[in-house]
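A.B. asks: Each residue of the sequence shown is one higher than the last, beginning at 392 in the working numbering.
Note that the Cβ used here is the ideal one computed from N, Cα and C, for glycine as well.
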Amino acid sequence: MQSLKSYLNDLISRAMAEVTQSDACNANVITSSKPEFGDYQANGVMAEAKRRKTNPRELANQVVAALNSADSPLIEKLEVAGPGFINIFLSDTALLERANLALSEPQQLVPLTASPQRVAVDYSSPNLAKEMHVGHLRGTIIGDAIVRVLERLGHTVIRQNHVGDWGTQFGMLITYMQEVVGDTKGLPNALSDLEAFYRNAKDRFDSDPEFAERSRHNVVRLQSGDPEYLKVWEQFIDESLKHCEAVYDLLNVTLTREDLDAESRYNDDLKVIVEDLKAADLLTDSDGAMCVFLPEFKGKDGEPLPLIIQKTDGGYLYSTTDLAAVRLRRSWDVQRSLYVVDARQSLHFQQVFAVAKAARFAGDELSLEHVSYGTMMGKDGRPFKTRSGDTVKLAELLEEAVSRAYQLVSEKNQDLDEAQKQTIAQRVGIGAVKYADLSKNRTSDYIFDWSTMLSFEGNTAPYLLYAYARIKSILRKEPDITSSVMGDLNHVEERDLVIKILQLAEIVEAVGKDCYPNQLCNYLFELSGLFMRFYENCPILKAESAVKETRLAICAITANTLHQGLDLLGIETLEQM
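#1: With a cut-off of 8 Å, do at least 3 Cβ pairs link the segment 717-726 to the segment 497-510?
#2: Is the segment 878-891 close to the segment 823-835, with three or more CB pairs under 8 Å?
#3: Which stretch, first to last residue, makes up the alpha helix (DSSP H) that contains residue 922?
#4: Under three-state DSSP, which class holds residue 643?
#5: Hey, would you say residue 403 sits closer than 8 Å to residue 477, going by beta carbons?
#6: Going by the beta-carbon positions, is the gap between residue 855 and residue 796 smaller than 8 Å?
#7: Which stretch, first to last residue, makes up the beta strand (DSSP E) that contains residue 680?
#8: Rounded to the nearest angstrom, what separates residue 834 and residue 935 at their Cα positions?
#9: Taking all protein chains shown into account, do 16 or more other C-beta atoms lie within 10 angstroms of the C-beta of residue 527, making it buried, or fewer, making it exposed?
#10: Measure from the alpha carbon of residue 560 to the alpha carbon of each residue in 603, 500, 630, 553, then state which is nearest.
#11: What is the residue span of the alpha helix (DSSP H) that residue 814 lies within?
#12: Buried or exposed, going by whether 16 or more other CB atoms sit within 10 Å of the CB of residue 595?
#13: When you compare each of 518, 409, 820 to residue 651 by their alpha carbons, which one comes out closest?
#14: Going by other Cβ atoms of all chains shown within 10 Å of its Cβ, with 16 needed for buried, is residue 973 buried or exposed?
#15: In whole angstroms, what is the alpha-carbon distance linking residue 583 and residue 782?
#16: Give me, in chain order, the residues of the same chain whose beta-carbon lies closer than 6 Å to that of residue 483; leave out the 5 immediate sequence neighbours on both sides.
#17: From residue 692 to residue 950, what distance separates their C-alpha atoms?
#18: Who are the Cβ neighbours of residue 770 in its own chain at under 7 Å, not counting the five residues just before and after it?
#19: Restricting to Cα atoms, I'd like to know which of 532, 522, 672 is closest to residue 513.
#20: Where residue 947 and residue 882 are concerned, what is the direct C-alpha to C-alpha distance, given to the nearest angstrom?
#21: With residue 476 as the anchor, note down where its beta strand (DSSP E) starts and where it stops.
#22: In chain order, what residues of the same chain have a beta carbon less than 8 Å from the beta carbon of residue 557, not counting five sequence neighbours either side?
#23: Confirm, please, whether the CB-CB distance from residue 961 to residue 914 is below 8 Å.
#24: Which residue wins for smallest C-alpha separation from residue 969, given the options 465, 442, 401?
#25: Roughly how many whole angstroms lie between the Cα atoms of residue 926 and residue 427?
#26: Whole angstroms is fine: what's the gap from residue 803's alpha carbon to residue 812's?
#27: Using a Cβ-Cβ cut-off of 8 Å (strictly less than) and excluding sequence neighbours within five positions of residue 597, which residues of its own chain qualify?
#28: For residue 764, which option in 435, 909, 446 has the closest C-alpha, if you only look at C-alpha atoms?
#29: Please tell me whether residue 743 and residue 714 are closer than 8 Å, where the distance is taken between their beta carbons.
#30: Quickly, what does DSSP pair residue 745 with across the bridge? List them, please.
#31: Quick one: residues in its chain with C-beta nearer than 6 Å to the C-beta of residue 818, no 5 flanking neighbours on either side, listed in chain order?
#32: Can you grab the Cα-Cα spacing for the pair residue 684 / residue 665, in whole Å?
#33: Spatial neighbours of residue 886 within its chain, please: CB distance less than 8 Å, with the 5 preceding and 5 following residues excluded, ordered by chain position.
#34: How is residue 631 classed by DSSP in three states: helix, strand or coil?
#35: How would you call residue 498, buried or exposed, if buried means at least 16 neighbouring beta carbons within 10 angstroms?
#36: Specify the secondary structure class of residue 751 as computed by DSSP and reduced to three states.
This is how it looks when you write it as structure tokens:
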């Protein structure tokens with residue numbers, strides 16, 4: 392079953408093609424902005440008329456005539472408006488048929504795509520030399536929401552957590568371990584505060600030339616495969632990953648160790664990348680550094696802008712590793728490769744993608760996409776930090792969210808037992824942090840504000856979780872709801888809500904295509920608002936038998952829609968609050 396918008400767009404595009412005797416027509420169906428314009432509106436006729444240099448209103452009338460002849464059961468009537476808009480009014484009978492099918496088969500709320508793909512999604516990507524901090528929050532939860540959406544649509548998703556586990560800093564850390572731990576048995580205790588361990592090691596590196604020299608020597612031994620140093624490194628990575636996994640568990644994020652795409656895996660391939668770029672006649676020696684200069688990239692002064700592949704000292708950069716990763720992903724036969732990474736890396740990825748295409752590391756069949764995001768800011772408009780100016784550990788931020796939610800829940804409902812309070816606090820606190828981020832356009836910076844994100848009013852997780860719990864409370868009073876179906880839609884509030892429910896599919900399709908989770912957040916907020924209008928204007932439990940059954944069924948499918956939508960965002964619902 393196609394989504395409403397997809398079905399209408401295909402139907403009207405075919406009618407346009409029939410009328411114009413053309414193979415390429417796009418009806419450009421959108422949701423109508425006002426009820427008098429119908430439920431949907433097709434705007435593509437005007438562009439087609441302009442291309443054909445014909446009267447758009449006349450063409451629209453011809454398309455409507457063709458559609459009326461086709462007699463689609465979903466369409467009640469069509470109207471031509473303005474210079475050539477086609478207003479589409481949907482059939483209540485067809486809407487009820489779709490809604491009742493989704494009520495009995497919840498998976499039908501988001502039907503599978505007709506064109507499944509293999510998609511690699513690179514997200515989270517912490518540096519294993521440090522603990523995850525607030526700067527990792529956006530990439531982790533935006534990426535996970537996109538992964539959940541793509542899988543729900545039926546795509547095969549390959550998660551890739553491109554962790555930094557290789558480089559000079561590990562020589563520094565191993566050297567510091569040798570000093571403070573002595574042997575590897577005390578390693579877990581020493582790394583209980585990974586950030587402090589890293590900071591102390593860095594202070595030693597910066598202040599003690601002899602220590603710095605030993606660190607550089609040790610990283611050479613590590614990268615040359617010394618078994619003793621590799622063993623220590625592996626234990627360090629294991630302890631670091633445990634820190635990450637604790638955060639992923641708190642966030643309800645689906646990444647596992649099986650999804651690791653560590654920088655170290657590409658170590659042996661980096662010199663091959665350089666050789667292949669040379670063979671493709673793309674490398675240029677620039678003051679001893681090996682670079683690729685592509686004509687489309689120029690600096691402010693108009694001079695060519697290089698992508699550095701190998702430094703003058705022979706070392707490699709992120710660009711080299713990223714090119715190796717692109718080539719590996721092509722071998723997996725993926726059609727899309729998404730990189731959920733900070734917007735400040737936009738130029739880097741533009742250059743890497745262009746070089747990958749020029750070197751044929753990625754063919755035309757592979758779409759390379761940078762899913763960029765802005766920065767979490769404090770109330771002072773600067774990147775979010777502690778009062779002392781330190782980076783905020785992500786684990787500590789999440790623990791504070793749960794603590795604040797616990798205090799809020801305890802104040803609002805003192806009758807709950809301790810276990811219930813803890814469960815509610817966990818889901819409300821974590822959900823609030825995630826939703827506050829996901830509900831913003833990912834390309835924008837946003838202000839982190841506890842009072843806003845934990846509010847039970849407005850477009851927040853607590854509001855949506857409470858709306859879901861409220862509906863479940865209504866349904867618990869009528870346990871026989873499982874046998875209910877929707878009959879006639881006698882009130883505008885009933886009809887508006889049912890149409891909104893059936894639009895979940897097209898919203899999820901849009902997120903899968905464009906990777907903007909805030910579209911789903913906005914939809915869920917609007918859905919909750921429509922339910923409240925329905926609840927206020929259409930008595931449920933006191934209604935007569937047939938009407939009551941319809942309205943209880945509407946409650947059930949609304950709850951299911953909210954649950955599915957929040958689950959796609961990685962937010963766990965609550966039966967009561």
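C.D. replies: Taking the definition as stated:
#1: yes
#2: no
#3: 909-928
#4: coil
#5: yes
#6: no
#7: 680-689
#8: 49 Å
#9: buried
#10: 603
#11: 809-829
#12: buried
#13: 518
#14: Nothing in the structure corresponds to residue 973, since the chain is present only between 392 and 968.
#15: 17 Å
#16: 880
#17: 57 Å
#18: 838, 840
#19: 532
#20: 18 Å
#21: 476-481
#22: 614, 653, 654, 655, 658
#23: no
#24: The question about residue 969 has no answer here: the residues shown for the chain are numbered 392 through 968.
#25: 24 Å
#26: 11 Å
#27: 603
#28: 909
#29: yes
#30: According to DSSP, residue 745 bridges with nothing at all.
#31: 963, 965
#32: 14 Å
#33: 483, 486, 880
#34: helix
#35: exposed
#36: coil
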